[in-house]
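Q: First residue of the sequence shown? That's 0 in numbering that gives the first Met the number 0, and the numbers climb one at a time after it.
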Amino acid sequence: MTLLDLASRHADTDAPLITPLVERWSPRAYDPAAVLSDDDVRTLLEAARWAPSANNVQPWRFIVARRGTESFTTIHDALMGFNQAWADSAAALIVNIAEVADEAGTPRPWAKYDLGQAVAHLSVQAQHDGLHTHQMGGFDAARLASEFGLAEGLEVVSITAVGKVGDASALPEPLREREVAPRSRKPLDELVITAA
Numbered sequence: 000m001t002l003l004d005l006a007s008r009h010a011d012t013d014a015p016l017i018t019p020l021v022e023r024w025s026p027r028a029y030d031p032a033a034v035l036s037d038d039d040v041r042t043l044l045e046a047a048r049w050a051p052s053a054n055n056v057q058p059w060r061f062i063v064a065r066r067g068t069e070s071f072t073t074i075h076d077a078l079m080g081f082n083q084a085w086a087d088s089a090a091a092l093i094v095n096i097a098e099v100a101d102e103a104g105t106p107r108p109w110a111k112y113d114l115g116q117a118v119a120h121l122s123v124q125a126q127h128d129g130l131h132t133h134q135m136g137g138f139d140a141a142r143l144a145s146e147f148g149l150a151e152g153l154e155v156v157s158i159t160a161v162g163k164v165g166d167a168s169a170l171p172e173p174l175r176e177r178e179v180a181p182r183s184r185k186p187l188d189e190l191v192i193t194a195a
């Protein structure tokens, strides 16, 4: 994508937002030559670490796998559907895990909500750092839990692709068409039940 194309992906907001939120979108076309440094990964995880959580429990865990590693292949092979068609070009795949119960088996009812906040922080930091993320829900969670030996009480919730935007023309159809389609969101009045 050209810079002009990237600018066309900016959110058309009804109120002023910070730049990383305006520029954030979820590409499927990633640059297959881009890499994440150790510092890049550490910064993303540090952003996630400082997300709010119920009782400051921080019930999130991550498996970070950079392209070219065995772990990356393991995660990629557990993806389903179209996700496998494009995610191999991401610089890294991050498995997002919620600690839904403590070691004694006591449920942590807000764990998935808290994990979502941590992943959101990671995503905004990535955008700020010139990276893009794409969240995925199409994967075999049981396979990932088995492959990585996850303990009881740890639940795979989502996978995040991270990298630099690549060339949309490299995507197969219909993904190519979706990559450049106009962005849209529901209007606020459909989302807000009451604002007094």
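Don't be surprised by glycine CBs; every beta carbon is placed ideally from N, CA and C.
Here's the rule: buried if 16 or more other CB atoms are within 10 angstroms of the residue's CB, otherwise exposed. What is threonine 68?
A: exposed
Q: Can you tell me where the alpha helix (DSSP H) with phenylalanine 71 in it begins and where it stops?
A: 69-77
Q: Just to confirm my understanding: we take alanine 46, look at its own chain, exclude 5 residues before and 5 after, and list those with CB closer than 6 Å. What are they?
A: His120, Leu121 and Gln124
Q: Could you tell me the boundaries of the alpha helix (DSSP H) in which arginine 41 lies?
A: 37-48
Q: Mind checking lysine 185: buried by the 16 CB within 10 Å criterion, or exposed?
A: exposed
Q: Going by CA-CA distance only, name the one from Val179, Val34, Asp139 and Leu187 that's closest to serine 7.
A: Here the closest residue by C-alpha is Val179.
Q: Can you name the start and end residues of the beta strand (DSSP E) that glutamine 134 belongs to?
A: Glutamine 134 -> beta strand (DSSP E) spans 131-135.
Q: Please tell me whether valine 164 and leucine 5 are closer than 8 Å, where the distance is taken between their beta carbons.
A: yes
Q: With distances taken from CA atoms, which of Ala110, Leu174 and Val63 is nearest aspartate 37?
A: Residue Val63 is the option with its Cα nearest to aspartate 37.
Q: Compare the C-alpha of histidine 246 against each of Thr193, Ser88, Leu190 and Thr73 and name the closest.
A: No answer is possible for residue 246: the residues shown for the chain start at 0 and end at 195.
Q: Near aspartate 30, what residues of its chain come up, given a Cβ to Cβ distance below 6 Å and the 5 sequence neighbours on each side ignored?
A: Lys163 and Gly165
Q: Can you name, in chain order, every residue of its own chain whose Cβ lies under 8 Å from the Cβ of leucine 16, other than the five neighbours on each side?
A: These residues qualify, in order along the chain: Ala10.
Q: Quick check on phenylalanine 71 - is its C-beta less than 8 Å from some C-beta in chain B?
A: Here chain B cannot be found, since the structure has a single protein chain.
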